[in-house]
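There are 2 protein chains.
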Amino acid sequence: MARITPLSGFPEWLPAERMVEQQVVDELRRTFELHGFAPIETRAVETVERLLTKGEIDKEVYGVRRLADNGADGADPSRELALHFDLTVPFARYVLENAGRLVFPFRRYQIQKVWRGERPQEGRYREFLQADIDVVDAGSLPFHYEIEMPLVLGEAFAGLPVPPMTVQVNNRKLVEGYYLGLGVDDPTEVLRIVDKLDKFGPDAVAAMLGERAGLTAAQSRACLDLASIRSTDSSFVDRVTALGVTHPLLDEGADELSRVVDASSSAAPGLVVADLSIARGLDYYTGTVYEVRMQGFEGAGAVAAGGRYDSLASDGTTTYPGVGISFGISRTLGLLFGRGLTATRSVPTCVLVALADEESRPAAVAVAASLRGRGIATEVAPQAAKFGKQIRFADRRGIPFVWFPGEVGDEVKDIRSGEQVPADPATWSPPDADRWPGIKGVR
Amino acid sequence: MARITPLSGFPEWLPAERMVEQQVVDELRRTFELHGFAPIETRAVETVERLLTKGEIDKEVYGVRRLADNGADGADPSRELALHFDLTVPFARYVLENAGRLVFPFRRYQIQKVWRGERPQEGRYREFLQADIDVVDAGSLPFHYEIEMPLVLGEAFAGLPVPPMTVQVNNRKLVEGYYLGLGVDDPTEVLRIVDKLDKFGPDAVAAMLGERAGLTAAQSRACLDLASIRSTDSSFVDRVTALGVTHPLLDEGADELSRVVDASSSAAPGLVVADLSIARGLDYYTGTVYEVRMQGFEGAGAVAAGGRYDSLASDGTTTYPGVGISFGISRTLGLLFGRGLTATRSVPTCVLVALADEESRPAAVAVAASLRGRGIATEVAPQAAKFGKQIRFADRRGIPFVWFPGEVGDEVKDIRSGEQVPADPATWSPPDADRWPGIKGVR
Chain A
1 MARITPLSGF
11 PEWLPAERMV
21 EQQVVDELRR
31 TFELHGFAPI
41 ETRAVETVER
51 LLTKGEIDKE
61 VYGVRRLADN
71 GADGADPSRE
81 LALHFDLTVP
91 FARYVLENAG
101 RLVFPFRRYQ
111 IQKVWRGERP
121 QEGRYREFLQ
131 ADIDVVDAGS
141 LPFHYEIEMP
151 LVLGEAFAGL
161 PVPPMTVQVN
171 NRKLVEGYYL
181 GLGVDDPTEV
191 LRIVDKLDKF
201 GPDAVAAMLG
211 ERAGLTAAQS
221 RACLDLASIR
231 STDSSFVDRV
241 TALGVTHPLL
251 DEGADELSRV
261 VDASSSAAPG
271 LVVADLSIAR
281 GLDYYTGTVY
291 EVRMQGFEGA
301 GAVAAGGRYD
311 SLASDGTTTY
321 PGVGISFGIS
331 RTLGLLFGRG
341 LTATRSVPTC
351 VLVALADEES
361 RPAAVAVAAS
371 LRGRGIATEV
381 APQAAKFGKQ
391 IRFADRRGIP
401 FVWFPGEVGD
411 EVKDIRSGEQ
421 VPADPATWSP
431 PDADRWPGIK
441 GVR
Chain B
1 MARITPLSGF
11 PEWLPAERMV
21 EQQVVDELRR
31 TFELHGFAPI
41 ETRAVETVER
51 LLTKGEIDKE
61 VYGVRRLADN
71 GADGADPSRE
81 LALHFDLTVP
91 FARYVLENAG
101 RLVFPFRRYQ
111 IQKVWRGERP
121 QEGRYREFLQ
131 ADIDVVDAGS
141 LPFHYEIEMP
151 LVLGEAFAGL
161 PVPPMTVQVN
171 NRKLVEGYYL
181 GLGVDDPTEV
191 LRIVDKLDKF
201 GPDAVAAMLG
211 ERAGLTAAQS
221 RACLDLASIR
231 STDSSFVDRV
241 TALGVTHPLL
251 DEGADELSRV
261 VDASSSAAPG
271 LVVADLSIAR
281 GLDYYTGTVY
291 EVRMQGFEGA
301 GAVAAGGRYD
311 SLASDGTTTY
321 PGVGISFGIS
331 RTLGLLFGRG
341 LTATRSVPTC
351 VLVALADEES
361 RPAAVAVAAS
371 LRGRGIATEV
381 APQAAKFGKQ
391 IRFADRRGIP
401 FVWFPGEVGD
411 EVKDIRSGEQ
421 VPADPATWSP
431 PDADRWPGIK
441 GVR
């Protein structure tokens with residue numbers, strides 16, 4: 001057996017970190033359900049054929065095949081399987097497969113692992129946990145859902161142990177209309193290049209716009225001017241107008257983006273900013289697009305992203321437009337664990353029942369059962385030992401209380417303060433803050 | 001694009017079923033945490049080398065490889081990856097990898113998907129969700145944990161929407177000691193054959209014991225006699241003694257099994273039965289073994305199983321003995337969904353806020369925010385429409401209440417009874433039973 005070494009890009013958390021992750025998932029789920037999003041999970045695998053219809057991602061996809069299947073048994077290649085690399089493609093397939101059993105508009109959330117064969121780096125994994133919300137409708141989807149998405153996510157963020165988040169919003173119609181108004185032939189190609197602004201900077205992007213998209217220097221300059229506009233309210237509209245480009249699609253997009261920013265600034269001040277550099281590389285977005293950055297970790301890129309798509313799924317008769325956001329849980333927590341985010345103890349246990357001798361185990365088990373019956377997580381000591389040793393057992397795990405059953409009456413010790421008091425397992429309760437592990441570290 | 005058809009063996013639930021599954025996972029987690037089990041997750045992939053050390057399972061294992069990796073680039077074969085087929089092998093690897101950062105005895109639970117390339121059938125899947133609890137110690141593990149495992153699982157079952165469960169318990173030492181006392185040369189082979197009793201019946205097993213394990217007819221008979229013994233208390237001991245076989249290991253195992261059954265019969269009457277036919281095929285069990293069957297679904301086989309293992313993990317210096325049980329969540333729920341188990345509605349939403357016209361959306365959004373602020377899951381209608389249409393929208397999803405904002409005061413209608421009453425979003429609450437989706441169907 002080879003020596004055990006971690007697999008690069010496949011993070012595994014220690015129990016204290018996993019407890020933080022669980023609390024994050026719980027809070028996301030609570031918020032999403034309060035907003036009427038229904039939960040689904042999809043299988044980990046899709047057919048390769050379906051995963052690759054969006055192109056350009058084959059090098060990141062993990063194929064899956066039974067080891068015993070050498071491929072020579074005439075297997076149907078259209079049934080070849082691979083691990084999903086996001087939750088959007090599987091959701092689109094799920095909607096088509098279950099269209100007759102779902103009612104539209106369908107609001108769903110989905111919190112699952114996804115896999116990508118990318119080169120691993122800090123906060124970039126090959127296996128990671130992601131939380132998605134989407135609203136999908138049959139035929140047409142009202143615009144107001146594009147306003148709703150960042151507000152739901154912002155509400156969830158407010159309950160998470162994370163630094164402040166900023167949702168940067170742009171609108172594809174605005175950008176595409178602007179490019180068309182400029183006389184650009186291939187707005188999609190321009191969009192793809194502008195998407196690299198963060199990575200390569202304005203000079204390199206201007207050069208690429210000339211070389212690859214055939215833009216004049218003035219057009220390139222105008223594209224960069226648009227991308228430099230940011231505002232926390234609808235004042236961006238005046239700055240766009242000042243650039244002197246006109247197109248009906250530009251007006252429509254500017255109006256939509258104004259509505260998103262204005263609604264957010266009253267509901268959640270500071271959460272949403274209009275940022276006209278946000279492009280999102282994927283072709284399928286057609287309206288509002290979102291990218292979320294975490295304060296203090298801007299260099300790590302987006303921790304959540306999404307947008308409006310008019311036809312991600314279609315069965316030939318009906319088209320299903322939608323809007324959604326994906327939040328990278330592993331990504332976000334990986335960064336924060338690296339800065340000390342963790343749980344206040346390494347076990348759920350609140351009370352350790354000490355054991356004077358092995359004969360008194362049944363009595364200790366009864367104390368534990370009584371405490372658990374009132375929702376207090378309790379373990380019995382693994383074996384009889386000196387009480388000092390049992391206290392150290394609790395201390396090493398961060399368990400705050402040790403319970404001593406006694407013939408004339410029980411006592412419980414807070415091992416942090418050393419205070420020991422008489423207690424009855426039928427009535428004693430810990431302070432609320434000690435009942436379950438809390439979260440400590442960055443915020 | 002090929003027509004969309006389900007993949008056999010990869011179940012996907014509708015939202016109402018997923019809500020049931022989530023409640024089941026929540027209840028398992030709550031019980032496990034009350035007993036001090038800490039949560040972990042392991043990556044979905046292990047190296048093929050590690051997965052195959054237990055032998056005989058290669059045909060069930062799904063290999064994983066980046067589609068762009070044609071295998072010709074000199075990749076290290078010891079780093080070839082495959083999806084885990086259980087949570088025990090990954091847990092053993094996790095313990096070795098993190099031994100320096102864990103404190104022992106280490107109690108962990110793990111609720112994750114696993115993958116097996118088996119032929120799919122009812123309640124047998126290629127991808128399924130499983131919940132495991134284990135206690136692992138460094139060096140030696142006290143016996144009392146073998147008593148504890150079925151009681152923890154039984155406590156969780158009591159809170160689940162499932163029929164009564166029976167934990168059948170046996171002891172490897174008892175069985176092996178008995179075989180040795182009979183003069184059998186290879187007790188492990190006999191055990192493997194007796195494990196097939198359920199599948200092939202006593203006559204076929206007797207024949208196999210003769211042919212494959214070289215047992216005499218009398219020895220085969222004696223093995224079947226032992227396997228026929230069942231009792232809900234320690235009375236099995238007398239029946240074993242009456243068979244006239246003696247061996248020190250037999251006595252030790254009988255004593256351990258008595259302690260498991262006796263402790264359970266007082267703590268959870270009817271949960272645990274001694275069943276001396278339970279063998280568990282896997283070689284690594286060394287003490288108590290468990291199989292759990294669901295009333296009314298006995299023919300579907302075990303829905304949970306586990307046992308004591310003395311050395312699943314070892315780093316050459318330290319050996320880590322443990323005891324654990326795995327509960328098949330997908331398996332159990334797949335059977336029960338087939339009999340009508342489901343949620344009382346298809347969405348988490350409790351209240352739909354109706355919309356007289358699009359101009360009143362901000363007021364409706366404010367009502368929804370107020371209700372959510374007090375933990376009531378609320379959606380606003382997708383668009384203004386006749387109230388009858390909005391009530392049908394709620395009804396199709398099972399949403400129990402429709403809220404009508406009004407200029408002189410709001411009203412809320414229970415669409416099941418038709419009763420409509422004045423209500424204030426700052427104070428109104430639904431009955432507790434309506435707040436979140438409940439569970440209905442088999443039990």
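Protein chains in written order, with this note's numbering: chain A, 1 to 443; chain B, 1 to 443. Even for Gly, the Cβ is constructed at its ideal location relative to N, Cα and C.
C-alpha gap between residue i and residue j, whole angstroms
i	j	result
A426(B)	S370(B)	6 Å
D414(A)	F143(B)	29 Å
A92(A)	L312(A)	7 Å
G244(A)	V237(A)	12 Å
V442(B)	S346(A)	38 Å
F297(B)	F157(B)	15 Å
A227(A)	A381(B)	36 Å
G100(B)	Y320(B)	13 Å
E46(A)	T53(A)	12 Å
F440(A)	G159(A)	The sequence given here places Lys at residue 440(A); Phe does not occur at that position. Each residue's Cα considered, the two are about 14 Å apart.
Q121(B)	G181(B)	40 Å
T88(A)	P405(B)	35 Å
Continuous beta strand (DSSP E) stretch holding residue i: start and end
i	result
Y309(A)	304 to 314
A82(B)	81 to 83
E411(B)	411 to 414
P120(B)	No beta strand (DSSP E) holds P120(B); DSSP gives it neither H nor E.
F10(B)	Note, F10(B): premise wrong, no beta strand (DSSP E); not H, not E.
Unbroken alpha helix (DSSP H) run spanning residue i, endpoints
i	result
I278(A)	No alpha helix (DSSP H) contains I278(A), which DSSP labels as neither H nor E.
F297(B)	Element bounds for F297(B): n/a, residue is neither H nor E.
K389(A)	387 to 397
T332(B)	329 to 337
V365(B)	361 to 373
E33(A)	15 to 34
Residue burial classification, residue i (beta-carbon count within 10 angstroms, cutoff 16)
i	result
T5(A)	exposed
R79(B)	exposed
R119(A)	exposed
E211(B)	exposed
R126(A)	buried
Q420(B)	exposed
G388(B)	exposed
E359(B)	exposed
G139(B)	exposed
V240(A)	buried
A204(A)	exposed
V412(B)	buried
E21(A)	buried
S266(B)	exposed
Among the options, nearest to residue i - alpha-carbon criterion
i	options	result
G9(B)	A44(A), G9(A), W13(A)	A44(A)
V152(B)	V167(B), V136(B), P161(B)	V167(B)
S129(A)	G177(A), R331(A), W428(A), E146(A)	Strictly speaking, residue 129(A) in this sequence is Leu, with Ser absent from that position. That would be R331(A), whose Cα lies nearest to the Cα of L129(A).
K386(B)	V367(B), Q295(B), E379(B), A356(B)	A356(B)
I399(B)	A38(A), R29(A), A384(A)	A38(A)
T42(B)	G177(B), P90(B), D251(B), G418(B)	P90(B)
A274(A)	T288(A), H247(A), D225(A)	T288(A)
L191(B)	E252(B), A213(B), F200(B)	A213(B)
P430(B)	C350(B), V408(B), G253(B)	C350(B)
P105(B)	R397(A), L341(A), W428(A)	R397(A)
Beta carbon proximity, residue i to chain D, threshold 7 Å
i	result
L67(B)	Looking for chain D here will not work: the only protein chains present are A and B.
At least three beta-carbon pairs within less than 8 Å, the stretch 317 to 336 of chain B to the stretch 173 to 185 of chain B: With a cut-off of 8 Å on Cβ pairs, the stretch 317 to 336 of chain B is not in contact with the stretch 173 to 185 of chain B, counting fewer than three such pairs.
Stretch-stretch touch, CB-based, cutoff 8 Å, three pairs: the stretch 107 to 117 of chain B with the stretch 421 to 438 of chain A: Touching, no, given that fewer than three Cβ pairs across the two stretches are closer than 8 Å.
Contact the stretch 250 to 258 of chain B vs the stretch 289 to 306 of chain B: 3+ CB pairs below 8 Å: These segments do not touch.
Three-pair Cβ contact test at 8 Å for the stretch 163 to 179 of chain B versus the stretch 260 to 279 of chain B: In the pairwise beta carbon analysis, the stretch 163 to 179 of chain B is classified as touching the stretch 260 to 279 of chain B: at least three pairs are separated by under 8 Å.
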